[in-house]
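Everything in the sequence shown is counted per the working numbering, starting at 1 for the first residue and increasing by one.
Heads up, the beta-carbon is just placed ideally off N, CA and C, and yes, glycines get one too.
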Amino acid sequence: MTATFRHLDYGPSADVRDLGAAGVVALLDGGDVDDWRPLLAELRRDPWGPVAARVERVADHLETYGTGALMHVWLERCRRLPA
1 MTATFRHLDY GPSADVRDLG AAGVVALLDG GDVDDWRPLL AELRRDPWGP
51 VAARVERVAD HLETYGTGAL MHVWLERCRR LPA
């Protein structure tokens, strides 16, 4: 994953599991769907894990462009999938 948003810079070897809350906000608020793909894949892989919990907390407060609501819907769908 490569992402550069304002004050954050994640190189090609960065893993979405290493993103803190500020990184998740920057990714969701400043990125697009292509940028989100690694994060969405991680949420699908482990919808109850620490990244999912972090995304859920961020999404509770993210109002830009309906992104928070979209992340909540994605998490709900992932959590309903068989393990």
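Problem - Helix, strand or coil at P50 [DSSP, three-state] - result: helix
Practice task
Decide if the stretch 38-58 is in contact with the stretch 69-82; the criterion is three or more beta carbon pairs, one per stretch, under 8 angstroms apart.
Solution key: yes
Exercise for the section: Check the C-beta distance from L27 over to L19 and give it rounded, since I have them as a contact under 8 angstroms. Expected result: 7 angstroms
Problem - Backbone secondary structure at P82 - three-state DSSP - result: coil
Handout entry: Reduced DSSP category for D18 - H, G, I as helix; E, B as strand; rest coil
Key = helix
Handout entry: Buried or exposed (CB count within 10 angstroms, at least 16 for buried), A59
Key = buried
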